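*Asks:* Residue numbers (my numbering), protein chains in the order written: chain A, 1 to 157; chain B, 1001 to 1113.
Okay, here's the thing in structure tokens:
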């Protein structure tokens, strides 16, 4: 199953041990009005297939931070999600501009967000650290002028 | 203490409450930084903020918060109220400043995360 961003999923889901639910969301730069919808859909599905509330919460928060980062900082991108019986695997890829110093960007409190974004309560320099905190496996690679790739894997206990 | 009980005891205007009035409030958190809330508020918290834009609804819903109180007379945007109704997020508003709201919640037995 592949879902386009903006699609509404109201179905009932059941998984056996071999199944995987795959989702793909397109994220538009600067689109604050639909921000969070991808993460909400992911959380809804996790709840429907019976993933523990605390785990679904961690996944939803990590996904939301990733979603917001693409919307705030990038030229747009996409999020691919694979929900397996034992884990959720999230890959986020944007179309640039890329991060010059990833180590610095990972530092809590460091942010390049402009004032109008900070006024909304974003840009506290906690997005990437939050993603890492929510994940069991986290990786980030970035190339200036190309884009940033993030992968988060969260195990379902 | 439930969200409904808090509404009865603190002077709050209900902006949206299509669901969740019987939800238990386990703790409280005050912050206007969204990532900070997601990192530290904890599930089933009541969140006090002066942000009134629509993204607070996603934060409350994704982080599993019990209710959002918009303090200091800040006005939630129409989109925020509509989204809260749609998502079943309890949205409350008050002219009381955040400090005062936190104090009243504390007096009711709500503690920090």
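Here a beta-carbon is modelled for each residue, glycine too, at the ideal position from N, C-alpha and C. Small disclaimer: the values here were computed from a predicted structure and weren't measured.
Going by DSSP, name the residue or residues bridged to residue 1109 (chain B).
*Replies:* DSSP lists no partner for residue 1109 (chain B).
*Asks:* Report the neighbours of residue 1033 (chain B) on chain A: residues whose CB is nearer than 7 Å to its CB, in chain order.
*Replies:* Neighbours of residue 1033 (chain B) on chain A, chain order: 121 and 124.
*Asks:* Do the segment 1057–1070 of chain B and the segment 137–156 of chain A make contact, defined as three or more Cβ pairs closer than 8 Å?
*Replies:* No, because fewer than three Cβ pairs between the segment 1057–1070 of chain B and the segment 137–156 of chain A fall closer than 8 Å, the two stretches do not touch.
*Asks:* Quick one: using the 10 Å Cβ neighbour count with 16 as the cut-off for buried, is residue 141 (chain A) buried or exposed?
*Replies:* So residue 141 (chain A) ends up on the exposed side.
*Asks:* Judging by CA-CA distance, which residue of A:150, A:39, A:128 and A:58 is the nearest neighbour of residue 156 (chain A)?
*Replies:* For the residues A:150, A:39, A:128 and A:58, the minimum Cα distance to residue 156 (chain A) belongs to A:58.
*Asks:* Chain A partners of residue 1061 (chain B), CB-CB under 7 Å?
*Replies:* What residue 1061 (chain B) touches in chain A: 40.
*Asks:* Taking Cβ positions only, does residue 1051 (chain B) come closer than 7 Å to chain A?
*Replies:* It does; some Cβ of chain A falls within 7 Å.
*Asks:* Do residue 121 (chain A) and residue 1032 (chain B) have their C-beta atoms closer together than 7 Å?
*Replies:* Cβ atoms of residue 121 (chain A) and residue 1032 (chain B): closer than 7 Å.
*Asks:* May I ask you to list the residues that DSSP assigns as paired with residue 136 (chain A)?
*Replies:* For residue 136 (chain A), which the question treats as bridged, DSSP gives no partner whatsoever.
*Asks:* Just to confirm, are residue 1066 (chain B) and residue 1003 (chain B) a CB contact at a threshold of 7 Å?
*Replies:* In this structure, residue 1003 (chain B) lies closer than 7 Å to residue 1066 (chain B) by Cβ.
*Asks:* Leaving aside the five residues before and after residue 1052 (chain B) along the sequence, list all residues of the same chain whose C-beta is less than 7 Å from its C-beta, in chain order.
*Replies:* The answer, listed in chain order, is 1070, 1074, 1075, 1076, 1077 and 1080.
*Asks:* To the nearest angstrom, how far is the alpha carbon of residue 117 (chain A) from that of residue 72 (chain A)?
*Replies:* Those two C-alpha atoms are separated by around 8 Å.
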